[in-house]
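Residue numbers (the numbering used here), protein chains in the order written: chain A, 89 to 345; chain B, 2 to 237.
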């Protein structure tokens, strides 16, 4: 049960970011896309290992490029985001798996908390802080834009810029979670808590709150459980989140029959 | 300053979606305080026109809004997931904060569209078609628009709901708001519109409803002869 404090702080801030970004991802209909999107980290990790750079830095670059690619394709073509992400990023998973092998591949896919350098801690906290601040500050603009981008335009919102910023925040959040959940499972931590919150919440604020709470609980309790039982962290965290979701299915939201 | 400056001037507007030219070489002007009805068969590009006017679609030609025009847009329907935990309150407060308006204005916007504040607590996915339309209207009114774009505001709304919506539009017109309205209902066009713009596959017409909407044009707009021009006016 002895998790280093720095790791607990970083994983907690990652969970808060995931809960917030995931809630808006659900509104943006990125449920499946979120999962595939996290796969784009893998080729980044593969290339970084090849060039002996920090794998997470490689992953971050790949994810940010993935965000820009999604944004460009979304505005240029009339394909749904889901289709774009489904095709492009599943291909990224295949390419990434070819670039990475053995033990490293497993770590990249499922996460490996390991020892945390000071630089990683500071960069991680800064990234999480930026994402959390963005979502909270842009909350009103995000909700109006995801309600209707046409209405948002008449409200003077720069829809394209906001969309890019959101996708970048999404990419940073996935990068933050790679250490704990890996490229294969990080998307789940962004979607399952938000999906749980959608079942339970009665307004936007409670949705964000519940989503963050579930993400935090799954991450912290999952990490402790994984350390105690000697299992991989990522699968345990996602399993805990999934249990929360299935429990939420049993409950009924007030006011909705 | 002239008496009725144009709030919107459209010249040679064309919109292509993929390989299909939806609107071709459209020119018209909307004087401030007037009302323009847009009619046309399904697929003639009425909604596309509105989306081009608000800058949501790439187009050729020019769309010029008068400086200082504040546009409120009420789309026909939104592609919303029903079980999303977003309430009327979430939407209206977000809009009020963005526009820097005090929360007290939310209640007056609701009153103007005839909604009770109770609606604020409900999830938007559980509102009826009419309630949701009026919520969107209140959303648009929050910023005191000088121009309102209404895309079939009474489609799928029951009779009392339609009348309430029509009353709201009439009151806004009386307050000097310029109204652009897409409608299938000819009685609405004759009652509300200063000018009518009809979009058909072959050509367009623009002018005063009683002059422009000849039986010939209406046959083109609706695809079949339309016998009754003006529907029965509801008793008021």
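Heads up, the beta-carbon is just placed ideally off N, CA and C, and yes, glycines get one too.
At the level of alpha carbons, what is the spacing between residue 65 of chain B and residue 168 of chain B? 29 Å
Does residue 167 of chain B come out as helix, strand or coil in the three-state DSSP assignment? helix
If contact means a Cβ-Cβ distance below 7 Å, which residues of the stretch 48-79 of chain B contact chain A? 52, 55, 56, 57, 72, 73, 74, 76 and 79
Residue 130 of chain A versus residue 122 of chain A - alpha carbon distance: 14 Å
Please name the residues in the stretch 118-134 of chain A whose beta-carbon is closer than 8 Å to at least one beta-carbon of chain B, in chain order. none
Local Cβ density within 10 Å of residue 202 of chain A, reported as buried at 16 or more and exposed below that: exposed
In terms of DSSP beta bridges, what is residue 32 of chain B paired with? B:7
When you compare the CB of residue 189 of chain A with every CB in chain B, is at least one pair closer than 7 Å? no
State yes or no: is the beta carbon of residue 241 of chain A nearer than 7 Å to at least one beta carbon in chain B? yes
Go through its chain and collect everything with a Cβ distance to residue 178 of chain A's Cβ below 7 Å, but skip five positions before and after it. 124 and 127
Can you find the residues in the same chain that come closer than 7 Å, C-beta to C-beta, to residue 140 of chain B, ignoring five residues on each side of it along the sequence? 92, 93 and 96
I want to see whether chain B comes within less than 7 Å of residue 342 of chain A, judged by CB atoms only; does it? Per-residue confidence for residue 342 of chain A stands at a pLDDT of 46, beneath the threshold of 50, marking its modelled position as unreliable; the derived number appears in the next sentence. No, its Cβ sits nowhere closer than 7 Å to a Cβ of chain B.
Go ahead and label residue 339 of chain A buried or exposed: buried means 16 or more other beta carbons lie within 10 angstroms of its beta carbon, across all protein chains shown. exposed
Is residue 196 of chain B helix, strand or coil by DSSP? strand
Separation of residue 241 of chain A from residue 194 of chain A, as counted between CA atoms: 44 Å
Is residue 87 of chain B close to chain A? Criterion is C-beta to C-beta, closer than 7 Å. yes
Starting from residue 152 of chain B, trace the beta strand (DSSP E) both ways and give me its first and last residue. 148-152
Could you give the distance in angstroms between the alpha-carbon of residue 138 of chain A and the alpha-carbon of residue 283 of chain A? 37 Å
With a threshold of 7 Å between beta-carbons, can residue 26 of chain B be considered close to chain A, or not? no
At which residue ranges does the stretch 59-108 of chain B contain complete beta strand (DSSP E) runs of 3 or more residues, listed in the order of the chain? 61-66 and 72-75
Per-residue DSSP class, three states only, for residue 183 of chain B: strand
So, are the CB atoms of residue 236 of chain A and residue 76 of chain B less than 7 Å apart? yes
What does a CB cutoff of less than 7 Å around residue 35 of chain B pick up in its chain, not counting 5 residues either side in sequence? 179, 195 and 196
Residues of the stretch 8-32 of chain B with Cβ closer than 9 Å to any Cβ of chain A, in chain order: 18 and 19
Assuming contact is defined by CB atoms lying nearer than 7 Å, are residue 107 of chain A and residue 281 of chain A in contact in what I supplied? yes
Three or more C-beta pairs under 8 Å: does that hold for the stretch 93-112 of chain A against the stretch 259-272 of chain A? yes
Looking only at its chain, what residues have a beta carbon closer than 6 Å to the beta carbon of residue 210 of chain B, apart from the 5 residues adjacent to it on each side? 190, 191, 194 and 197
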